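Enquirer: Per numbering that gives the first Met the number 0, the very first residue in the sequence shown carries number 0; after that it's consecutive. For every residue, glycine included, the Cβ atom is placed at its ideal position computed from N, Cα and C. Note that the coordinates shown come from a computational prediction; the quantities given were computed from them, not determined experimentally. Here it is, the structure, as structure tokens.
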Amino acid sequence: MVVMSRSRFTVTVERGHGSWWVIECAELGAVSQVRRIDQAADDIREAVAHLSGLPEDGFDIEVVQALPTSSERK
Numbered sequence: 000m001v002v003m004s005r006s007r008f009t010v011t012v013e014r015g016h017g018s019w020w021v022i023e024c025a026e027l028g029a030v031s032q033v034r035r036i037d038q039a040a041d042d043i044r045e046a047v048a049h050l051s052g053l054p055e056d057g058f059d060i061e062v063v064q065a066l067p068t069s070s071e072r073k
């Protein structure tokens, strides 16, 4: 029996300008933006599918929130 491992891509989200969140999948060079952090995985899925050559339902996305640097903290 052969067990296929499901592909997994990690995307980081960080606060952009104003109320936008910037999403990046550094592994593939995909970047997008959303207004709500809970939209990140769905929003970047099409770009990840296109760049990886996998179907949109053929991989998992892990969303990691980037912590602000000390100069960004208020």
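State the DSSP-derived secondary structure class of Arg5, mapped to helix, strand or coil.
Expert: Within the sequence shown, residue 5 is the residue found at index 6, counting from 1. Arg5: coil per DSSP, three-state reduction.
Enquirer: Since I believe Val30 is in contact with Val21 (beta carbons under 8 Å), could you give me their beta-carbon distance rounded to a whole number of angstroms?
Expert: In the sequence shown, the residue the question calls residue 21 occupies position 22. In the sequence shown, the residue the question calls residue 30 occupies position 31. At roughly 7 Å, the Cβ-Cβ gap stays under 8 Å, so Val21 and Val30 are in contact.
Enquirer: Could you pull out every residue in the same chain whose Cβ sits closer than 8 Å to the Cβ of Val63, ignoring the five residues on either side in sequence?
Expert: The count along the sequence shown starts at 1 and reaches residue 63 at position 64. Cβ neighbours of Val63 beyond the five flanking positions: Thr9, Val10, Thr11 and Val12.
Enquirer: If I follow the unbroken alpha helix (DSSP H) through Ile36, where does it start and stop?
Expert: Working through the sequence shown from its first residue, we reach residue 36 at position 37. First-last for Ile36: undefined, no H or E at that position.
Enquirer: In angstroms, rounded to a whole number, what distance separates the CA positions of Ala39 and Met0?
Expert: By one-based count along the sequence shown, residue 39 stands at place 40. By one-based count along the sequence shown, residue 0 stands at place 1. For Ala39 and Met0, the distance between alpha carbons rounds to 35 Å.
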